[in-house]
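Residue numbers (the UniProt record's numbering): 1 to 512.
Each residue gets a CB set at the ideal place from its N, CA and C atoms; glycine is no exception.
Here the structure is a predicted model, which is why all the values come from computation and not from measurement.
A quick write-up on the structure given underneath.
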Ligand code: FES
């Protein structure tokens with residue numbers, strides 16, 4: 001039986017649930033949840049074998065049963081990361097948060113007749129190092145899968161509970177942010193509260209207060225995961241319409257990118273403020289991609305919304321972490337000018353999901369992977385360990401965001417290929433929709449100027465971006481009197497964005 005190496009055992013002792021994403025050598029993704037049942041929930045009557053769907057090492061009670069199953073429910077696609085785990089005499093089941101179907105963690109069977117896939121787990125000891133490792137049965141019998149993401153579902157499932165030291169990095173779990181600009185509205189509006197994920201997306205995009213935007217994001221994502229929100233709402237006849245631009249508080253001074261303080265003598269507070277601004281827009285970008293393109297692509301599966309709602313939650317965590325660091329410099333978020341250039345990119349890619357994924361996630365966010373390590377190094381040299389910790393968390397999350405961009409870009413290419421094959425009766429017609437080729441065409445069409453290095457090849461590779469995607473690539477959007485209005489706007493924008501991108505890199509590395 002082909003197997004996939006997951007991680008050292010040590011790595012999964014911190015939490016009881018992990019999001020596990022695999023990628024095959026052909027660029028296909030597989031989303032899974034790894035459950036590690038805690039000793040307290042371990043039923044001693046359950047018998048285990050290494051080759052069924054779980055394993056039980058029994059070592060000091062620290063590692064008990066490990067189960068791996070599909071990340072989405074086979075009924076209507078709910079995210080299973082927040083499934084309830086219930087134990088019966090002879091089985092343990094995951095209960096879907098949406099309609100309460102339960103699935104046996106060993107066999108994947110449900111009493112309803114539906115079945116999900118579960119995978120055999122095995123603990124092996126490396127003969128050379130003695131390290132204990134988690135392995136799983138490979139999906140679809142092989143295909144050279146590798147792990148591209150293994151991360152705790154959330155701090156809710158931390159085991160053992162976080163120490164008070166660690167909680168300084170977890171504002172989502174109760175840290176009082178010393179710079180909160182108090183929100184005057186309730187998290188859930190009293191009048192016409194949103195019923196679907198799409199309605200929550202529009203509400204959050206229209207929420208100017210940064211604190212309330214973060215709180216509503218946390219609430220909506222949690223409610224979606226736990227089944228309080230049962231409908232995505234992108235297939236209805238009249239889906240809610242996102243605003244042309246998200247709201248901002250009137251005290252925010254939004255200026256042209258070139259008017260942001262430049263030069264090498266930027267201090268840490270200025271840099272943290274600039275990064276917090278990027279994260280604030282990133283929250284909106286994650287909600288916007290769901291509500292703008294969900295109704296345009298009704299075939300998007302629930303996993304798309306799970307990925308991007310997770311991204312929204314990550315970005316809200318990043319914003320809170322950075323704002324808490326700003327407090328250490330007695331700087332309030334909003335006290336310095338900010339730019340809205342990331343939103344300009346969103347506006348100019350508002351008609352095509354392929355363009356949006358290519359430019360925002362595989363150009364801009366991928367560029368972040370290149371420059372983040374240098375920024376972290378600058379803060380490290382300054383002896384600012386707290387900011388280094390925050391930036392390292394952000395960087396690790398951003399690798400998964402580029403991965404999500406790559407995953408859905410490839411998915412869209414596959415959809416287009418299927419559609420063309422279905423439309424074409426001529427077997428000689430070239431219907432190959434190669435993601436690398438399509439990405440390079442998108443960048444040539446929607447970008448002006450070089451895709452600049454130096455590249456963080458290793459982290460780009462982790463996210464699915466091989467060198468063939470981005471090396472020797474140049475946006476070729478023309479400037480011409482013949483360009484239509486849309487092209488002209490795009491050209492002007494991208495000229496600005498090249499400057500902004502350089503500016504962002506400078507912001508990230510310019511501290512001395
Ligand atoms: S029971 Fe899981 S989506 Fe309905």
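{"query": "Beta-carbon contacts of residue 36 that lie in its chain and below 6 Å, excluding the five residues immediately before and after", "result": "12, 16 and 66"}
{"query": "For residue 510, the three-state DSSP class (helix, strand or coil)", "result": "Only weak support exists for where residue 510 lies, its pLDDT of 31 falling under 50; the value from the coordinates is given anyway. Note: residue 510 maps to coil in three-state DSSP."}
{"query": "Whole-angstrom distance between residue 287 and residue 189, CA atom to CA atom", "result": "18 Å"}
{"query": "Simplified DSSP state of residue 87, which is helix, strand or coil", "result": "strand"}
{"query": "According to DSSP, residues forming a beta bridge with residue 125", "result": "132"}
{"query": "Where residue 233 falls, given that 16 or more other Cβ within 10 Å makes a residue buried", "result": "buried"}
{"query": "Collapsed DSSP secondary structure at residue 18 in the structure displayed", "result": "strand"}
{"query": "For residue 22 and residue 149, the rounded distance between their alpha carbons", "result": "7 Å"}
{"query": "Spatial neighbours of residue 474 in its chain, beta-carbon cut-off 6 Å, leaving aside the 5 residues before and after", "result": "450"}
{"query": "Short Cβ contact (7 Å threshold) for residue 204 with residue 340", "result": "no"}
{"query": "First and last residue of the uninterrupted beta strand (DSSP E) at residue 309", "result": "Element bounds for residue 309: not the beta strand (DSSP E) but the alpha helix (DSSP H), 302-328."}
{"query": "Closest residue to residue 476 among 448, 460 and 454 (Cα-Cα distance)", "result": "448"}
{"query": "The ligand FES heavy atom lying under 6 Å from the CB of residue 75", "result": "yes"}
{"query": "Contact belief for residue 75 with residue 114 at Cβ below 8 Å, rounded distance in angstroms", "result": "6 Å"}
{"query": "Three-state secondary structure assigned by DSSP to residue 475", "result": "strand"}
{"query": "Residue 11, DSSP secondary structure in three states", "result": "helix"}
{"query": "In chain order, each alpha helix (DSSP H) run of at least 4 residues that lies wholly inside the segment 352-427", "result": "353-356, 365-381 and 385-423"}
{"query": "Beta-carbon proximity of residue 243 to residue 199, cut-off 7 Å", "result": "no"}
{"query": "Cβ shell of residue 268 (< 8 Å), same chain only, five flanking positions each side left out", "result": "329, 379, 382, 384, 387 and 511"}
{"query": "The ligand FES heavy atom lying under 6 Å from the CB of residue 96", "result": "yes"}
{"query": "Beta-carbon spacing of residue 389, residue 456 below 7 Å", "result": "no"}
{"query": "Below-7 Å beta-carbon distance, residue 277 vs any chain C residue", "result": "In the displayed structure, chain C is absent; only one protein chain is listed."}
{"query": "CB-CB length for residue 93 against residue 104, believed under 8 Å", "result": "5 Å"}
{"query": "Alpha helix (DSSP H) runs contained entirely in the segment 69-119, provided each spans 4 or more residues", "result": "none"}
{"query": "Rounded straight-line distance, which links the Cα of residue 224 to that of residue 187", "result": "15 Å"}
{"query": "Residue range of the beta strand (DSSP E) that includes residue 33", "result": "29-36"}
{"query": "Distance cut-off 6 Å: residue 120 Cβ against heavy atoms of the ligand FES", "result": "no"}
{"query": "Alpha-carbon spacing of residue 251 relative to residue 216, whole angstroms", "result": "21 Å"}
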